[in-house]
Amino acid sequence: MNMIAALHSDEQTPRSLLDLIGNTPLVELTQFDTGPCRLFAKLEFQNPGGSIKDRPALSMITAFERDGRLQPGGTLVEATAGNTGLGLALVAALKGYRLILVIPDKMSREKVLHLKALGAEVVMTRSDVGKGHPAYYQDVAARITAQTPGAVFINQFANPANPLAHEVGTAPEIWEQMGRRVDAVVAGIGSGGTMTGISRFFARVSPSTEMVLADPQGSILVDVVEGRQPGELGSWLVEGIGEDFVPPNADLARVARGYSISDADSFAAARELLRLEGILAGSSSGTLLAAALRYCREQTTPKRVVTLFPDGGNKYLSKMFNDAWMTDQGFLQRPQQGDLRDLIQ
Ligand code: PMP
């Protein structure tokens, strides 16, 4: 068989989009000032559902199938409107499961329409109530699961198949793509799956690899990591990372260093990333990049540092990539009269 025929053999052609989850590319960022370090980014938005959450979505559903709790045609329930919802909707559609997503009503119309287009059933609940209230979205999801025969509650915050997806997928891919030399990994925490899975893998193969947290300003996680009394909980606009509690899936034992990044710095980093490297990534990618750059510039010896870009920038075109929105939010200066005249002429 000649080379071309070998490349086109049917055995190598993926038979489903599910086969294209994982094995994302890694690229070096060469256009930023990285001090004595080299900085690399894993492009997780290249997963078929558009984010890193395709990995745990597939892993958690497969685990429920294996342990017999999920039967053919069964029902999955989760409380999320984020990337986990999109990943679950993709996997559920391809595997023929019914998916019910409980979503707080502050979520954007585009996200809800996208989930419905993928066939998910959306149950809207109030976003202005907290834990303990009967309309709290996590509690609504648990109730729907209990009332639906044969339904399973995915529960990404405590499901062990979530970090496992990164321990057996994301982390070994990074290790091989980096030629088995990694000095530090910079990641964020939403459910904790990414950080925990990568941290457990490196504890085995390269215990000296440092795990570094990138946390949005207002989240309590950075204080927990650095052993401080958590400061006052704030709010932030970056999506997908930062918490007001430590999720059961967040194993922080090997995370010794953390950076608290403002929305302004996260958005500025994501916008620079597009201008300098041509990478259209999401808001949490901006937080991770800003933290990775700070870490790199603080080093006194050369290091090989890896970060991840969890989702793409398309979802944020009308927000952080939109100058009018950035100005309204106070992140960009309103044009002065002179600038306006320049624009009109
Ligand atoms: N970035 C984005 C955009 C996300 O949606 C998530 C998942 N919430 C994360 C980062 C964090 O991933 P993890 O849940 O594995 O902590």
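For what it's worth, this note's numbering labels the leading residue of the sequence shown as 181, then goes sequentially. Cβ coordinates follow ideal geometry from the N, Cα and C atoms, glycine included.
With a threshold of 7 Å, establish whether the CB of residue i neighbours any heavy atom of ligand 1.
i, result
"Asn263", "yes"
"Asp190", "no"
"Lys233", "yes"
"Thr374", "yes"
"Ser464", "yes"
"Ser288", "no"
"Asp424", "no"
"Ile147", "Any property of residue 147 remains undetermined from this structure, which presents the chain solely from 181 to 525."
"Asp395", "no"
"Asp431", "no"
"Asp443", "no"
"Pro252", "no"
"Gly493", "no"
"Pro490", "yes"
With a threshold of 8 Å on Cβ separation, who are the neighbours of residue i within its own chain once the five nearest residues in sequence on each side are excluded?
i, result
"Asp529", "Residue coverage of the chain in this structure runs from 181 to 525, which leaves residue 529 outside it and unanswerable."
"Leu512", "Asp503, Met506"
"Thr325", "Val257, Ala331, Val332, Phe333"
"Gln525", "Its pLDDT being 48, under 50, Gln525 is placed unreliably by the model, and nothing is read from it."
Identify every residue that forms a DSSP beta bridge with residue i.
i, result
"Glu208", "Phe220"
"Arg408", "Paired residue(s): none; Arg408 is not in a bridge."
"Gly248", "In the DSSP output, where bridge partners are listed per residue, Gly248 has none listed."
"Tyr439", "Ala394"
"Phe465", "Contrary to the premise, residue 465 reads as Ser rather than Phe in this sequence. DSSP output for Ser465 lists no bridge partner at all."
"Leu279", "Leu256"
Within the same chain, show all residues whose beta-carbon is closer than 6 Å to that of residue i, passing over the 5 residues directly before and after it, in chain order.
i, result
"Asn263", "Ser231, Lys233, Asp491"
"Arg437", "Val392"
"Phe220", "Leu206, Glu208, Val486"
Is there at least one Cβ from chain B nearer than 8 Å to residue i's Cβ?
i, result
"Arg514", "No chain B is part of this structure, which consists of one protein chain only."
Less than 7 Å between C-beta atoms, sequence neighbours within five positions excluded: which residues of the same chain meet that for residue i?
i, result
"Ser371", "Gln336, Phe337, Asn342, Pro427, Asn429"
"Gly377", "Pro343, Leu344, Ala345, His346, Glu347, Thr350, Ala351"
"Ala363", "Note that residue 363 corresponds to Asp in the displayed sequence, not to Ala. Excluding sequence neighbours, Asp363 sits near Thr389, Glu390, Lys483, Arg484, Val485."
"Met287", "Ala261"
"Tyr316", "Val309, Gly310"
Q: State whether the segment 204-220 contacts the segment 295-313, with contact taken as three or more CB pairs (one from each stretch) at a distance under 8 Å.
A: no
Q) Using 8 Å as the threshold, is the segment 281-296 in touch with the segment 255-269, meaning 3 or more CB pairs across them? A) yes
Q. Does the segment 187-198 come close enough to the segment 215-226 to have 3 or more Cβ pairs within less than 8 Å?
A. Cβ pair count under 8 Å is below three, so no.
Q | alpha helix (DSSP H) segments (min. 4 residues) lying fully within the segment 286-373 | A | Correct list: 289-297, 317-327, 341-345, 351-357.
Q | Touching by the beta-carbon criterion (3+ pairs, under 8 Å), the segment 473-484 and the segment 236-251 | A | no
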